[in-house]
Each structure stands twice: as C-alpha cells, then as structure tokens.
Amino acid sequence: SGMLATGDAIANAVHANSRALVTVGNAQLQDVATWQGHPLDYYSPHYYDNFGTGSNDPFVTAASSPDGKPVVIGESQESAGLTPSAQTRWQDLYNLGYAGGWPWSLSPEHTSDQIAIDLSAAAAFAQGKPDLGPQSATVSPTSTPTQQATATPTVLPTSTPTPAPSTPTPTPVAGGQATWTSHASVSAATVARGKADSVTAHVTVNQSASALVDVEIYDPAGNKVAQRYWDNQAFSPNTSRTYRFTWTVPTTAATGTYTVVVGVFAPGWGVVYSWNNDVATFTVD
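Position one of the sequence shown corresponds to residue 5 (our numbering), numbered consecutively onward.
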C-alpha cells in the first residue's frame with residue numbers, strides 16, 4: 005500500500021544517512037504484523053483506554069512481535085488520577101517485556117486534549133531501575149550503511165593511547181548455506197591526526213558466492229568515521245579476496261583506539277551474511 009511504501013522510503017532514507025533507529029506508530033498492537041518484513045528497527049503501537057482490553061491491551065499482554073523486534077508503546081495516557089495509576093501502568097509495561105513507553109503529552113498546553121504526564125509517577129517508577137534510558141551495545145548492522153562517511157568525529161578529552169592489539173582470529177559466521185570468515189590489518193598501529201592509515205581486509209567463503217563487502221572504521225565513542233564498500237563481488241570457494249582503502253585522520257579527530265569492522269551482505273545491501281565487530285584496531289594520538 006501507499007502507507008507501507010512511504011514508511012519504507014523514509015526508513016531507508018534514514019538508514020542510508022545515519023545510525024538512528026527507525027519506527028512508525030503502528031496504530032495498535034493488532035496492527036504490528038502489518039509491518040513485518042519492512043525496514044523498521046522496532047515497533048511502536050499506540051494505546052488508549054478506549055481501545056479496549058484483552059490482547060490489544062499492552063498493560064495485560066506480554067510484548068511480542070512476529071519477527072522478534074522490540075516493541076515500545078509509542079503513545080498512551082499516563083496522567084495523574086488514572087486507575088490503574090500511571091506508575092502502575094509503566095511498571096506493567098516493564099514487567100511484560102516492552103522496550104519502553106512514551107506517554108502523551110509533555111507539553112499539554114500545546115494540545116487540544118490537554119492530556120498531561122504524571123511526572124512524579126514517572127520519577128517514582130524510574131527509581132532503582134539501572135536499565136532505563138539508552139543502553140550501550142556492540143556495534144551491529146541495523147541499517148544500510150552509506151559510502152565513505154565524511155562526518156568529523158567529536159573531539160573527546162585526550163586519553164593515553166594504548167598499543168593496538170594483534171588482529172583477532174576470525175570467527176566463522178553462517179550466512180545461509182555459506183560460511184564466511186574475515187580479518188583485517190592496518191598499515192600503522194599508531195597514527196597521528198592529519199596522517200593516513202591504510203586498512204587491508206580479507207574475506208573468504210567456503211563456496212561460490214556473490215556479496216557486498218563493507219569495511220568501516222569507528223572512533224573511541226562508537227561513531228562511524230569512515231567507510232568503503234564493494235558491491236557484487238564474486239567469490240570462489242575457500243579463496244580469499246582482499247580489499248584496501250586509506251583513511252586520512254581528521255586533525256580534529258578524537259584520540260584513542262579506533263576499531264575496524266568488516267561486514268558481508270547479499271548484493272545491493274541485502275541480508276547480512278557476516279558481521280565482524282573487531283577485526284583490527286589502531287590508535288590515534
């Protein structure tokens with residue numbers, strides 16, 4: 005439908021230009037399945053008391069999605085004076101496995117319904133829950149990367165450089181019938197800002213295959229600062245292919261340890277065949 009196509013176009017555009025996660029307000033819980041197979045990172049259905057209870061009520065129904073993606077209740081009323089209370093409702097969502105709950109509205113004076121949030125209840129609910137808010141995570145391919153990102157990393161306080169460890173032993177990662185391995189090296193274990201470092205990546209698969217090979221560099225804060233990819237690469241069984249590119253470190257780059265990541269996808273940024281988070285490291289000083 006036009007709605008799904010529009011959602012796909014927006015999600016793909018965001019993924020192509022950032023690492024932000026993308027969702028769409030999926031109407032109600034019963035409508036989440038409509039978006040299965042589309043490029044959303046998580047689901048965010050809405051709920052108000054007049055929707056009724058039962059399987060469509062997130063406060064009594066455990067979180068689930070047809071493809072295992074997280075579910076956030078993207079809009080609901082959490083005002084003072086409700087029964088059950090706003091604090092109880094948030095606790096119910098928490099206990100039932102939802103990834104979050106976004107109440108309406110932080111600025112009720114700008115809305116026609118004037119629905120406010122019980123902020124005291126929100127503070128009481130949050131006490132003693134260290135897992136609330138953004139969580140750090142291992143870099144993972146949740147979006148279609150863009151070629152040769154040029155963003156300048158934020159300058160962080162100077163840290164004491166540490167020698168880059170040797171390249172890790174590659175771990176095979178199954179992708180369909182094929183098993184892929186990847187490893188990489190850098191031309192310099194330590195590089196000064198304004199100078200260049202070269203990355204050499206090697207990719208092998210146990211059978212004939214075609215793939216897109218993606219090599220990325222991440223700064224100490226986990227921001228992607230460089231990328232190069234090669235599409236429609238033909239592989240012969242157990243024959244390594246080599247990929248090289250050179251990155252000039254910006255003069256404003258953060259000091260510290262940088263990480264090289266190698267991903268292998270179906271051609272045209274299709275399914276992920278392999279994602280190796282830590283194939284090489286180097287230090288910027």
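We treat Cβ as the ideally placed atom computed from N, Cα and C, and that holds for glycine.
Helix, strand or coil: which one does DSSP assign to residue i?
i: Tyr46; result: coil
i: Trp184; result: strand
i: Asn281; result: strand
i: Leu8; result: helix
i: Thr246; result: strand
i: Arg232; result: strand
i: Glu82; result: coil
i: Phe269; result: strand
i: Thr38; result: helix
i: Phe129; result: helix
i: Ala15; result: helix
i: Asp117; result: coil
i: Thr27; result: coil
i: Ser214; result: strand
i: Tyr52; result: coil
i: Gly58; result: helix
i: Gln237; result: strand
i: Tyr98; result: helix
i: Thr92; result: helix
Beta-carbon separation of residue i and residue j under 8 angstroms?
i: Asn281; j: Ser186; result: no
i: Tyr46; j: Val75; result: yes
i: Val207; j: Val266; result: yes
i: Gln91; j: Pro107; result: no
i: Gly78; j: His50; result: yes
i: Pro112; j: Ala120; result: yes
i: Ala182; j: Tyr247; result: no
i: Val190; j: Phe286; result: yes
i: Trp234; j: Val209; result: no
i: Phe63; j: Leu97; result: yes
i: Ala130; j: Gly101; result: no
i: Ala9; j: Val26; result: no
Measuring alpha carbon to alpha carbon, tell me which of the options ends up nearest residue i.
i: Ala127; options: Pro224, Ala66, Thr246, Ala84; result: Ala84
i: Ala196; options: Met7, Lys228, Val288, Pro62; result: Val288
i: Ala284; options: Pro241, Ala188, Gln211, Thr194; result: Ala188
i: Lys212; options: Gln237, Thr115, Gly41, Asn227; result: In the sequence as displayed, the identity of residue 212 is Ser instead of Lys. It is Gln237 whose Cα lies nearest to the Cα of Ser212.
i: Gln32; options: Ser69, Gln40, Asn60, Ala20; result: Asn60
i: Ser68; options: His114, Ala13, Asp35; result: Asp35
i: Ser48; options: Thr57, Ala37, Thr256; result: Ala37
i: Arg93; options: Ile221, His114, Val264, Asp53; result: Asp53
i: Tyr262; options: Gly41, Ala192, Tyr222; result: Tyr222
Assuming residue i contacts residue j (C-beta within less than 8 angstroms), just tell me the rounded distance between them.
i: Arg232; j: Phe239; result: That pair is no contact at about 18 angstroms.
i: Pro224; j: Gly272; result: At roughly 32 angstroms, the Cβ-Cβ gap does not stay under 8 angstroms, so Pro224 and Gly272 are not in contact.
i: Val219; j: Val203; result: 6 angstroms
Cβ of residue i versus every heavy atom of the ligand NAD: is any distance shorter than 7 angstroms?
i: Gln231; result: In the structure shown, the ligand NAD is absent, as is every other ligand, since no ligand is present at all.
(request) Can you check the segment 185-209 for any beta strand (DSSP E) of at least 3 residues that lies completely inside it and give the ranges in chain order? (result) As far as the segment 185-209 is concerned, its whole beta strand (DSSP E) runs of at least 3 residues are 200-209.
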